[in-house]
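Q: The sequence shown begins at 194 in the numbering used here and counts up one residue at a time.
Note that CB positions come from ideal geometry on N, CA and C, so glycine has one too.
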Amino acid sequence: MGLTRSGLNKENINMDNYITKRGKLDYFLPPDIQEEIRAQIVGDIYQEAEKIANKVLISPGEESALENRLDDLLTSRWLGFPLMLFLLAFIFWITIVGANLPSEILASGLFWLEGKISLFFYWLQAPGWLHGILVHGIYRTMAWVISVMFPPMAIFFPLFTLLEDLGYLPRLAFNLDNLFKRAGSHGKQALTMSMGFGCNAAGVISTRIIDSPREKLIAIITNNFVPCNGRFPTLIILASIFMHASFNNTYNSLLAAAVVVAFVLLGIIITLAVSWALSRTLLKGIPSTFTLELPPYRKPQIGRILLRSFLDRTLFVLSRAVLVAAPAGAMIWILANTGFNGSNFIQHLAVFLDPFARLIGLDGFILLAFILGLPANEIVIPILLMGYLSSGLMMEPESLDSLQRILIANGWTWVTALATMLFSLLHFPCGTTLLSIKKETGGLKWPLFTFFLTTAIAISVNFLLVQFLKIFL
């Protein structure tokens with residue numbers, strides 16, 4: 194296809210003024226001018242190659258014309274972005290609706306097995322603390338992570354791989370390329386960011402397609418700002434609950450999908466803003482030239498898509514999540530079942546965190562749930578309910594209505610829900626993602642930097658939101 198990125202106004206640039214007699218760029222020119230010239234040269238080469246190809250190649254006819262019309266539509270300046278958002282919303286909606294029943298079935302099976310394991314421990318007459326740590330702590334945490342993560346990933350990753358196999362993802366990168374270029378990043382980050390919708394750890398791993406170490410590092414740091422499977426449940430549940438009064442159950446899933454898309458847009462905006470700031474401060478440099486020649490549309494190979502998405506993405510990410518969540522479950526159980534002065538450590542910690550949490554629109558139990566949910570975002574809501582209900586076990590609500598009653602009884606309003614969703618979107622990466630960053634960067638420096646940067650941004654944005662609402666409401 195003949196689509197390339199140039200973005201230059203050729204009428205305002207005279208190439209002869211910037212090329213030496215030896216045919217090389219004058220490196221005394223400002224870096225931005227050098228980059229513009231390189232981009233124009235590459236663009237001119239591709240345009241000339243396209244002219245030559247059109248003269249000597251025989252067009253395949255209707256199929257080529259159809260592909261050109263599709264490209265004109267999907268990469269249109271006016272329709273490309275709306276179509277992209279509609280497609281993402283549709284995929285999210287399918288994932289949300291399609292994952293509900295499998296999640297319930299999987300959770301029922303895993304918790305049925307928990308009962309059988311408990312009976313085995315009782316038969317062994319094992320100490321209560323050992324049963325609590327191994328079954329109510331480690332096993333229950335892993336069961337929730339698997340039941341919440343596996344069904345959405347098993348739906349989302351094949352759909353995403355299907356778009357990749359069809360040839361749409363390069364068009365998505367083409368649409369977003371100019372935005373990332375202006376932010377000082379790389380156009381391929383659009384692809385890695387899209388992978389982050391399934392799991393931020395997968396988004397980090399996919400940055401291997403970026404050749405520039407500087408731009409790869411920017412992508413690794415900022416890919417955390419798009420919601421993943423672990424954050425979807427929090428966003429979806431809270432959106433459904435606190436807009437439940439205005440919409441009936443028929444439209445709850447559509448409304449939840451619309452809210453998720455809105456947060457996706459916000460995540461993309463913050464990704465671009467942070468990329469721009471990093472590229473002009475700590476990771477300063479000239480964006481590398483990225484010329485994207487769009488591949489032809491292909492007939493998807495369904496068998497290969499299912500196998501690749503299941504083995505390379507779903508199982509890979511899920512195994513890392515379970516590995517990180519298992520020890521966290523033991524620690525959470527210990528905190529919930531030990532304490533002093535008649536209260537467990539979770540309640541003491543929540544009281545300690547409460548004054549600061551109120552400044553950013555949360556309360557002590559919400560903030561503590563995010564901290565203890567560091568290993569896996571999926572367990573944030575269960576930990577929150579465990580704190581509110583003063584139980585020693587992680588709890589899962591029977592229905593959205595019961596969860597709504599619990600949250601409202603503990604002082605929640607739509608402002609609390611909005612602040613919680615915003616903090617969920619922006620806060621520190623989960624343990625699986627931090628582990629992936631460590632492996633990709635070869636040390637602890639950048640995982641720690643990403644942790645503190647994202648935490649500072651989440652706190653700052655939430656604080657500004659709360660102050661704004663206090664002034665105008």
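1. Pick from PRO568, ALA562, VAL457: whose alpha carbon is nearest that of MET388?
2. Could you tell me whether the Cβ atoms of ILE331 and ALA523 are closer together than 7 Å?
3. So PHE665 and PHE644 are supposed to be a Cβ contact under 8 Å. How far apart are they, rounded?
4. Please name the residue or residues paired with SER536 in a DSSP beta bridge.
5. Nearest CA to the CA of THR464: which residue from ILE650, LEU662, LYS663?
6. Does chain C have any CB closer than 7 Å to the CB of LEU448?
7. The alpha helix (DSSP H) with PRO420 in it runs from where to where?
8. Measuring alpha carbon to alpha carbon, tell me which of SER584, ILE652, LEU448, THR385 ends up nearest LYS409.
9. Identify every run of the alpha helix (DSSP H) within the segment 546 to 581, keeping only runs that are complete inside it and at least 4 residues long; order them along the chain.
10. Would PHE563 and VAL453 qualify as a contact pair, given that the criterion is a beta-carbon distance under 7 Å?
11. Reducing DSSP to helix, strand and coil, say where ASN368 ends up.
12. With 16 other CB atoms within 10 Å as the buried threshold, where does GLU357 fall?
13. By the three-class DSSP mapping on this structure, what secondary structure does PRO320 have?
14. Does the beta-carbon of LYS381 have 16 or more other beta-carbons within 10 angstroms, so that it is buried, or is it exposed?
15. Taking ALA448 as the reference, which of ILE527, ILE287, LEU294, PHE373 has the closest Cα?
16. I'd like the span of the alpha helix (DSSP H) that includes GLY496, first residue to last.
17. I'd like the span of the alpha helix (DSSP H) that includes VAL165, first residue to last.
18. May I ask which residues mark the beginning and end of the alpha helix (DSSP H) holding ARG333?
19. Rounded to a whole number of angstroms, what is the C-alpha to C-alpha distance between ALA347 and LEU487?
20. Rounded to whole angstroms, what is the Cα-Cα separation between HIS329 and TRP605?
21. Please state whether the Cβ-Cβ distance between LEU731 and LEU546 is less than 7 Å.
22. Along the alpha helix (DSSP H) that carries ASN393, what are the first and last residues, could you check?
23. For LEU355, I'd like the list of residues in its chain whose CB is within less than 6 Å of its CB, leaving aside the five on either flank, ordered along the chain.
24. Is it buried or exposed, PHE279, if we count other Cβ atoms within 10 angstroms and call 16 or more buried?
25. Tell me which residue opens and which closes the alpha helix (DSSP H) that LEU387 is part of.
26. Looking only at its chain, what residues have a beta carbon closer than 8 Å to the beta carbon of GLY360, apart from the 5 residues adjacent to it on each side?
27. Determine, using beta carbons only, whether LEU306 and SER340 come nearer to each other than 7 Å.
28. Relative to the C-alpha of LEU431, which candidate in ILE652, GLU229, ASP264, THR613 has its C-alpha closest?
29. Which whole-angstrom value describes the C-beta separation of CYS623 and LEU555, a residue pair presumed to lie in contact below a C-beta threshold of 8 Å?
30. In angstroms with no decimal places, state the Cα-to-Cα distance between ILE411 and THR474.
31. Here's a check: name, in chain order, each residue in its chain whose Cβ is nearer than 6 Å to the Cβ of PHE616, leaving out the five neighbours to either side.
32. Considering GLY636, what are the terminal residues of the alpha helix (DSSP H) in which it resides?
33. Return the Cβ separation of LEU471 and ILE414 in integer angstroms, given the expectation that the two are a contact with Cβ distance under 8 Å.
34. Are the CB atoms of ASN570 and GLY423 within a distance shorter than 7 Å?
35. Out of curiosity, what's the CA-to-CA distance linking LEU671 and MET579?
36. Quick one: give me the first and last residue of the alpha helix (DSSP H) that PHE425 is part of.
A: Looking at the atomic coordinates:
1. As a position in the sequence shown, residue 388 is number 195, starting the count at 1. Check the Cα spacing between MET388 and each of PRO568, ALA562, VAL457: the tightest is with VAL457.
2. Here residue 331 is taken as the residue at index 138 of the sequence shown, counted from 1. Here residue 523 is taken as the residue at index 330 of the sequence shown, counted from 1. Taking 7 Å as the Cβ cut-off, ILE331 and ALA523 qualify as a contacting pair.
3. For this step, residue 665 is matched to residue 472 along the sequence shown. For this step, residue 644 is matched to residue 451 along the sequence shown. Not a contact, Cβ separation roughly 32 Å.
4. Here residue 536 refers to the residue found at position 343 when the sequence shown is read from its first residue. DSSP links SER536 through a beta bridge to PHE533.
5. For the purposes of this step, residue 464 is taken as the residue at position 271 of the sequence shown. Nearest of ILE650, LEU662, LYS663 to THR464, Cα basis: ILE650.
6. Protein chain content of the structure displayed is limited to a single chain, and chain C is not contained in it.
7. Along the sequence shown, read from residue 1 onward, the residue named residue 420 stands at position 227. Here PRO420 belongs to no alpha helix (DSSP H), and DSSP marks it neither H nor E.
8. Counting from 1 along the sequence shown, the entry for residue 409 is found at position 216. Nearest C-alpha to LYS409: THR385.
9. 557 to 565, 573 to 581, all fully within the segment 546 to 581.
10. For the purposes of this step, residue 563 is taken as residue 370 along the sequence shown, with counting starting at 1. For the purposes of this step, residue 453 is taken as residue 260 along the sequence shown, with counting starting at 1. Note that the C-beta distance between PHE563 and VAL453 is not below 7 Å.
11. Counting from 1 along the sequence shown, the entry for residue 368 is found at position 175. Correct three-state label for ASN368: helix.
12. Counting from 1 along the sequence shown, the entry for residue 357 is found at position 164. Within 10 angstroms of the beta-carbon of GLU357 lie 16 or more other beta-carbons, which makes it buried.
13. Here residue 320 is taken as the residue at index 127 of the sequence shown, counted from 1. DSSP places PRO320 in coil when its eight states are reduced to three.
14. Position 188 of the sequence shown, counting from 1, holds the residue named residue 381. Burial of LYS381 is indicated by the presence of at least 16 other C-beta atoms within 10 angstroms of its C-beta.
15. Working through the sequence shown from its first residue, we reach residue 448 at position 255. The question names Ala, but residue 448 is Leu in the sequence shown. For LEU448, the nearest C-alpha among the options comes from ILE287.
16. What you label residue 496 is simply residue 303 of the sequence shown in a count that begins at 1. Note, GLY496: alpha helix (DSSP H), 495 to 501.
17. A query on residue 165 cannot be resolved here, the shown segment of the chain reaching from 194 to 666 and no further.
18. Sequence index remark: in the sequence shown, residue 333 carries index 140 (1-based). Start and end: 333 to 359.
19. Taking the first residue of the sequence shown as position 1, residue 347 is located at position 154. Taking the first residue of the sequence shown as position 1, residue 487 is located at position 294. A straight line joining the alpha-carbon of ALA347 with that of LEU487 spans about 28 Å.
20. In the sequence shown, residue 329 corresponds to position 136, counting from 1. In the sequence shown, residue 605 corresponds to position 412, counting from 1. Cα-Cα distance, rounded: 28 Å.
21. Residue 731 falls outside the range modelled here, since the chain spans only 194 to 666, and no answer is possible.
22. Numbered from 1 along the sequence shown, position 200 holds the residue referred to as residue 393. Unbroken alpha helix (DSSP H) run through ASN393: 393 to 398.
23. Position 162 of the sequence shown, counted from the first residue, corresponds to residue 355. Counting only Cβ-Cβ distances below 6 Å, and skipping sequence neighbours, we find PRO493, ILE498.
24. Numbered from its first residue, the sequence shown carries residue 279 at position 86. Result: exposed.
25. In the sequence shown, counting from the first residue as 1, residue 387 sits at position 194. First, the amino acid is wrong: residue 387 is Ser here, not Leu. Taken as a continuous stretch (DSSP letters only), the alpha helix (DSSP H) holding SER387 covers 382 to 388.
26. As a first step, residue 360 must be located in the sequence shown, where it is residue number 167. Only LEU487, PRO488, PRO489, TYR490, ARG491 meet the Cβ criterion.
27. If you number the sequence shown from 1, residue 306 lands on position 113. If you number the sequence shown from 1, residue 340 lands on position 147. In terms of Cβ geometry, LEU306 and SER340 do not form a close pair [threshold 7 Å].
28. Here residue 431 is taken as the residue at index 238 of the sequence shown, counted from 1. If you compare the alpha carbons of ILE652, GLU229, ASP264, THR613 with that of LEU431, the shortest gap goes to THR613.
29. Your numbering for residue 623 matches position 430 in the sequence shown. Your numbering for residue 555 matches position 362 in the sequence shown. So it is not a contact: roughly 18 Å between Cβ atoms.
30. In the sequence shown, the residue the question calls residue 411 occupies position 218. In the sequence shown, the residue the question calls residue 474 occupies position 281. Roughly 12 Å separates the two Cα atoms.
31. Position 423 of the sequence shown holds residue 616. The beta carbon of PHE616 sits closer than 6 Å to those of ALA651, ASN655, all from its chain and outside the five residues before and after it, given in chain order.
32. As a working note, residue 636 is residue 443 in the sequence shown. In the DSSP assignment, GLY636 falls outside any alpha helix (DSSP H), carrying neither H nor E.
33. Taking the first residue of the sequence shown as 1, we reach residue 471 at position 278. Taking the first residue of the sequence shown as 1, we reach residue 414 at position 221. For a cut-off of 8 Å, the C-beta gap from LEU471 to ILE414 is around 7 Å, short enough to register as a contact.
34. Here residue 423 refers to the residue found at position 230 when the sequence shown is read from its first residue. Here residue 570 refers to the residue found at position 377 when the sequence shown is read from its first residue. It is a contact, given that the beta carbons lie within the stated cut-off.
35. Here the chain has residues from 194 to 666 only, and residue 671 is not among them.
36. Residue numbering aside, residue 425 sits at position 232 when the sequence shown is read from its first letter. Here the alpha helix (DSSP H) through PHE425 covers 425 to 435.
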